[in-house]
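Residue numbers are given in numbering that gives the first Met the number 0: position 216 of the sequence shown equals residue 215, and the series is strictly consecutive.
Heads up, the thing below is written out as C-alpha cells.
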Amino acid sequence: MIIDSIQAAIGDTPMLRFTHQHFAEIPEGSALYAKLEYLNPGGSIKDRLGMYLVKEGIAQGKISTGTTIIEPTAGNTGIGVALAALAAGLPTIFVVPEKFSLEKQALMRALGAKLVHTPTSEGISGAIAKAKQLHEEMADSYLPLQFENPANPEAYYHTLGPELVEDLGDEITSFVAGIGSGGTFSGVARYLLGRNPEVRLIGVEPEGSILNGGASHGHEIEGIGVEFIPAFLEGIPVSDFSTISDAEGFAMTRKLAKEHGALIGSSSGAAMVAALAEIAKLPAGSQVVTIFPDAGDRYLSKEIYSRTDY
Ligand code: PMP
C-alpha cells in the first residue's frame with residue numbers, strides 16, 4: 000500500500016475477533032470484536048476527529064491561512080489535531096492538565112504544537128476554561144472545542160460507524176465504548192441505530208466518573224470518565240453504563256498485552272472488561288463490538304504494564 004501523506008493512513012483499522020477460545024466468558028458461537036483504533040498513525044481514535052475538526056473549521060470559514068488552533072485536550076485529540084494542522088500548515092496550541100501522560104505531551108510537541116499547562120486538580124474543566132481564555136485573547140485563533148462541537152460525533156458517524164457495518168453487517172447485538180467527550184459513543188451509536196434500532200448501547204466509564212450516579216473523583220484509567228454529562232449523549236437510548244474500577248481496567252490491559260499481543264491503553268482494557276460482561280449475558284450467536292482507542296506505549300512512564308498495586 001503506497002500513500003502520499005501520513006494522514007492518508009487514518010481509518011480503516013483492523014477488527015480483532017475474540018471467541019470462546021480466547022475468553023471463557025464468551026459463549027460458544029458468539030464473537031467479541033475490538034476495533035484497533037490504536038493502529039492509526041497518531042496512535043489513537045482521535046486522528047479521525049483531528050481531520051474532521053480542521054476540515055469543518057476550514058469549510059465554515061473559521062480557519063484561514065495562519066489561524067492558530069487552540070484546544071483543551073488530555074492528549075490524543077491534540078495529537079490528532081496536530082497531524083491535521085500539519086497537513087494544512089497551521090500552528091497549534093494545546094491546553095493540557097499538567098500531570099496527564101507525558102508521552103502524549105512529548106508527541107504533541109514533536110508534531111510542532113505549543114503546550115499550555117493547567118493544574119491537574121482542575122481536571123479537563125480547568126483546561127477548557129483556560130483554552131477559552133486564550134482564544135479570546137488571540138485574534139486569529141480557532142477553538143474547535145471537541146466537547147461541544149457537533150463535528151466530533153459526526154466524525155465517527157461518518158467514518159467509524161460505517162467501517163463497523165462494512166465488516167459485520169447489521170448483525171451487531173451490542174456496541175460497547177468508553178465515554179470521554181462522548182463523541183465516539185454517540186456518533187457510532189446514531190449510525191448503528193439507523194441500521195438497527197434494536198442495537199444495545201453500553202457506555203463505559205471508570206469509577207470516579209458520574210454517569211452511573213457515583214461521586215466524581217480521580218481515577219487512573221485515562222481518556223474516559225466525565226465530570227459533567229456530555230451534551231452528545233442527549234437523545235441516545237443508552238442501554239446501560241458500565242462502571243469499571245482502575246484495578247479491573249489495568250489488569251485487563253496487562254492481560255491483553257501479555258496474552259494477546261495488543262499493546263493498548265487503559266481505556267481499552269476498561270472497554271474490554273465491559274464488553275466481556277455484556278457478551279457473557281447475551282445468548283449464543285451474539286456479536287459485540289468494542290473499541291481499543293489508543294496505544295499503551297504512551298503510558299509507559301505511568302508503568303502501565305509494570306505496576307503491581309493493581
Ligand atoms: N479512550 C482514550 C484513550 C481517549 O483519549 C478518549 C478521548 N478522550 C476516549 C477513549 C473517549 O473518546 P470520546 O472523547 O470520543 O468519548
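Virtual Cβ for every residue (Gly too), placed ideally from N, Cα, C.
- In the DSSP assignment, F291 falls within the unbroken beta strand (DSSP E) covering Q286 to F291.
- For E102, the enclosing alpha helix (DSSP H) covers residues L101 to A109.
- In the structure shown, D169 adopts coil according to DSSP, grouped into three states.
- Residue range A30 to L35 is occupied by the beta strand (DSSP E) that includes A33.
- CA-to-CA, the gap between H218 and S266 works out to about 11 Å.
- Contact annotation: the stretch 225-235 touches the stretch 177-184, with at least three C-beta pairs closer than 8 Å.
- For N75, the shortest separation between its Cβ and any heavy atom of the ligand PMP lies below 7 Å.
- Per DSSP, P196 lies in no beta strand (DSSP E) segment and is marked neither H nor E.
- At a Cβ-Cβ threshold of 8 Å, L31 and L275 count as neighbours.
- Taken through DSSP and simplified to helix, strand or coil, Y141 comes out as strand.
- In this chain, T117 is not harboured by any alpha helix (DSSP H); it is covered by the beta strand (DSSP E) spanning K113 to T117.
- Distance from the CA atom of Q286 to the CA atom of I127, rounded to whole angstroms, is 37 Å.
- Measuring C-alpha to C-alpha distances from P96 to each of G88, P152 and A130 identifies A130 as the nearest.
- If you draw a straight line from the Cα of V53 to the Cα of L106, it is about 19 Å long.
- Its chain contains F184, G202, V203, E204, L210, I223, V225 and P229 as the residues whose beta carbon lies nearer than 7 Å to that of I178, once the 5 sequence neighbours on both sides are disregarded; these appear in chain order.
- The criterion of a C-beta distance shorter than 8 Å is satisfied by G295 and A256.
- The Cβ neighbour count for S180, taken over all protein chains shown within 10 Å, is at least 16; the residue is labelled buried.
- Shown here for E247: same chain residues with a beta carbon closer than 7 Å to its own, the five before and five after excluded, namely V272 in chain order.
- By the Cβ criterion, the stretch 44-53 is in contact with the stretch 145-155, since at least three pairs of Cβ atoms, one from each stretch, lie closer than 8 Å.
- Of the residues assessed, H216 falls on the exposed side of the cut-off, its CB having fewer than 16 other CB atoms within 10 angstroms.
- One Cα belongs to D46, the other to I290, and the distance between them is close to 14 Å.
- Taking C-beta atoms under 8 Å as the contact rule, A150 and E55 qualify, at a distance of about 4 Å.
- Residue pairing for P96: DSSP places it in a beta bridge opposite T117.
- Within the same chain, Cβ atoms closer than 7 Å to the Cβ of Y304 are found at R253, A256 and G295, the five residues on either side in sequence being excluded.
- In the structure shown, A279 falls within a helical segment according to DSSP collapsed to helix, strand and coil.
- Look at V175 here: in three-state DSSP terms it is strand.
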